[in-house]
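The block underneath contains the structure these notes are about, expressed in structure tokens.
Residue numbers (full-length UniProt numbering): 1 to 341.
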């Protein structure tokens, strides 16, 4: 969630993160639980999100009418890099601890994650851990049972459901609190965002004679909003459409469009079944730019302790809960024997 949307109604207070006790008394919680939940729109967020999307639409128009080809290439590269800041950084490294990274890589990923402008690592990882632990419930920040729009962006435009805050206070975040990179980024996040997400991408195209006007609306505004929506599609589209070869009892699905748009994060059924696998897929390099990046960093000695699910475990899970007997085999590792009753 972009920090310009932050307010005291749309995020956890720091006190709410303590595992020692809830912020409300049990009596007050009991009263609130008996009251029906009502959606409360945060109009400031609606206005700001609308403005940045209008900027992005104008940037898209400039892509076809006024921009230099070098500017379009730069916008694409910045989109991939900022996407990796989310997928390889705040998602697979800091949220799931699916691998470990040495200091230079951690700094680089924090830089890219700041360029993505989807809130600082601490808050991104916190919300994502809550999403996995309480998926498709009222405690899920972007609960897809509340509809596609809510899962995509609506959850950022209204106050959090009380269960999100209540259950979120029980999530262990000690590793994030101890991380100096996370702490430094969190402390200076807003000035870092202005510099890394907007100023640098705007100044870069001037090296080949692009106007500041085109550079801002294309490499800053359009690139930023495009990356936002590609990330959001993992929460929305990948919870509505696609196959369930690993567990057909949950909503997260293998969504091909999201695979491409979110640089490898669309193998969502696999990811929710095996969230600790650094590949987030059994398909290796296939359509998974994030896995390629992490493997490259491992080859350079910057990433290590890469966690993987065994072939036997993948096949066993497909046998037990997958949709392969309804729609056919899927993936690299296909069960050899037919399912027994």
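Note that beta-carbon positions come from the ideal geometry of N, C-alpha and C, so glycine has one too. Being a predicted model, the structure only gives us computed values, none of them experimental.
Asked	Found
Coarse secondary structure for residue 188, derived from DSSP in three states	coil
Nearest to residue 55 (by Cα), restricted to the options 287, 327, 263 and 213	213
Minimum length 4: unbroken alpha helix (DSSP H) runs contained in the segment 124–153	148–152
Cutoff 8 Å; reference residue 206; Cβ partners in own chain excluding five residues on either side	212 and 215
Helix, strand or coil at residue 166 [DSSP, three-state]	helix
Meets three-Cβ-pair contact criterion under 8 Å: the segment 319–326 and the segment 296–310	no
Residue burial classification, residue 312 (beta-carbon count within 10 angstroms, cutoff 16)	exposed
Proximity of residue 98 and residue 277 at Cβ, strictly below 8 Å	yes
The alpha helix (DSSP H) enclosing residue 266, as first and last residue numbers	Element bounds for residue 266: n/a, residue is neither H nor E.
Closest Cα partner of residue 40 within the set 159, 290 and 259	159
Expected contact under 8 Å - CB spacing of residue 330 and residue 252 to nearest Å	The pair is not a contact, with the Cβ atoms about 14 Å apart (cut-off 8 Å).
Residue 254, DSSP secondary structure in three states	strand
For residue 327, the three-state DSSP class (helix, strand or coil)	helix
Rounded straight-line distance, which links the Cα of residue 210 to that of residue 68	7 Å
Pairwise C-alpha distance: residue 82 and residue 265	14 Å
Residues near residue 248 in its chain [Cβ-Cβ closer than 7 Å; skip 5 each side]	321, 322 and 323
Beta bridge counterpart(s) of residue 41 as assigned by DSSP	158
C-beta contact flag for residue 70 and residue 208 at 8 Å	yes
CA nearest to the CA of residue 302, picked from 107, 77, 254 and 235	107
Where residue 336 falls: helix, strand or coil (DSSP)	With a pLDDT of 49 at residue 336, under the threshold of 50, the modelled position of that residue is not reliable, and the figure given next carries that caveat. DSSP places residue 336 in coil when its eight states are reduced to three.
For residue 304, three-class secondary structure by DSSP	strand
Endpoints, the alpha helix (DSSP H) within which residue 316 is located	311–321
The ligand NAD heavy atom lying under 7 Å from the CB of residue 217	In the structure shown, the ligand NAD is absent, as is every other ligand, since no ligand is present at all.
Local conformation of residue 243 per DSSP, three classes	strand
Which of helix, strand or coil DSSP assigns to residue 101	strand
Residue burial classification, residue 190 (beta-carbon count within 10 angstroms, cutoff 16)	exposed
Environment of residue 273 [buried if 16+ CB atoms lie within 10 Å]	buried
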